[in-house]
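Numbering (the numbering used here), first residue to last: 18 to 394.
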């Protein structure tokens, strides 16, 4: 049995804690919660008497009550708390993003490498989505051939001004380390690298539309790979918005929307059609398949979220001493963060950024933005 503590019991952390307390993750149980908001901790523990409460993570660590932690605190605190827990021998799962800068993320990863017996994971719950898992299977098996193009439009995260007014930290350089990109887009950027790999270069543009915030709520990026480009577009101000990931290969095409997936497999690959045709146009027989999220799975995930699947898998990995069971190893959190930092850097420089970029330069520029923002308030 993996004894978990949840550090940070706000919106997401509270959901993780409630799911653990309800026994929804087989092989894992909640033994403690921790938050600097004493009232939240006391209220949770009153409802769940068997759960111990702590008001700072160091007291939790010193207590020795748990062997695994789920960290769900504000972005800027992820790195230090993760390092403290890993050094103490606690198996650690971190909510997205791993940290705010690649510079700090690499520091966390180095700490984890020095403690190989400690399991370190990321909360990338979209990897549990059976449609994206099917897409990964199709790509890796060669079923759609060599990738030629990818488009990802994700604009159905509507956020009103009232949402941003709930807390001064929302959509701020000093509070979150960015806006829509680092808050909402992390999961989708993880999917980009998980399915397509890491690009060689990034060109981007970010802007603010219709909201009184200091960060972006509208962006596009072009991820340049050796043989193709991926076009990424996201916003939080559109109604109704859309969610559509298209991956085009030489042998077929994958299209994934919110709850549905179709994939088309060509009888002959495009290069073969091109080589054989003597006409100015060409075609080939093809077959289209439909693949859904699954009604029962959709219902469960709408009620409890996908995140419980990640925590359950992490608990099983700890119990079985098999890291391969984890959904997302912690070091992979660097990849989506690299895309995020790279998009911001390209926008700030107004030029294409090659990967890898200068981690220290990015951290310095972000600090300058955060400091300037604080002075304006």
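For each residue, glycine too, the CB sits at the ideal point set by N, CA and C. Note that this is a predicted model, so its numbers are computed, not measured.
Contacts around residue i, its chain only, beta-carbon distance under 7 Å, and the 5 residues preceding and following it disregarded
i: residue 200; result: 193
i: residue 189; result: 231, 232, 390
i: residue 178; result: 228, 229
Distance between beta carbons of residue j and residue i, contact taken as under 8 Å
i: residue 356; j: residue 115; result: Actually they are not in contact, since the Cβ atoms of residue 356 and residue 115 sit about 12 Å apart, beyond 8 Å.
i: residue 161; j: residue 270; result: 7 Å
i: residue 247; j: residue 237; result: That pair is no contact at about 11 Å.
i: residue 36; j: residue 326; result: Not a contact, Cβ separation roughly 10 Å.
i: residue 138; j: residue 343; result: 5 Å
i: residue 151; j: residue 321; result: Not really, about 22 Å apart at Cβ, beyond 8 Å.
Among the options, nearest to residue i - alpha-carbon criterion
i: residue 224; options: 218, 215, 234; result: 234
i: residue 241; options: 123, 281, 311, 363; result: 363
i: residue 63; options: 49, 311, 187, 243; result: 49
i: residue 381; options: 70, 308, 80, 121; result: 121
i: residue 96; options: 105, 70, 68, 128; result: 128
i: residue 276; options: 286, 287, 260; result: 260
i: residue 145; options: 374, 301, 315, 388; result: 315
i: residue 291; options: 371, 183, 267; result: 267
i: residue 349; options: 320, 209, 92; result: 209
i: residue 184; options: 20, 27, 377; result: 27
i: residue 46; options: 303, 205, 83; result: 83
Three-state secondary structure assigned by DSSP to residue i
i: residue 55; result: helix
i: residue 109; result: strand
i: residue 306; result: strand
i: residue 355; result: helix
i: residue 138; result: strand
i: residue 251; result: strand
i: residue 371; result: strand
i: residue 83; result: coil
i: residue 338; result: coil
i: residue 185; result: coil
i: residue 26; result: coil
Close-in-space but distant-in-sequence residues of the same chain around residue i (CB under 6 Å, 5 per side omitted)
i: residue 30; result: 23, 89
i: residue 263; result: 168, 272
i: residue 86; result: 22, 24, 102, 107, 109
i: residue 164; result: 245, 266
Close beta carbons around residue i, own chain, < 8 Å, minus the five adjacent residues each side
i: residue 391; result: 191
Residue i vs residue j beta-carbon contact at 7 Å
i: residue 119; j: residue 354; result: yes
i: residue 310; j: residue 280; result: no
i: residue 171; j: residue 360; result: no
i: residue 437; j: residue 212; result: With the chain covering only 18 through 394, there is no way to say anything about residue 437.
i: residue 38; j: residue 65; result: yes
i: residue 176; j: residue 253; result: yes
Minimum Cβ-Cβ distance from residue i to chain D less than 7 Å
i: residue 216; result: Given the protein chain composition of this structure (a single chain), no chain D is represented.
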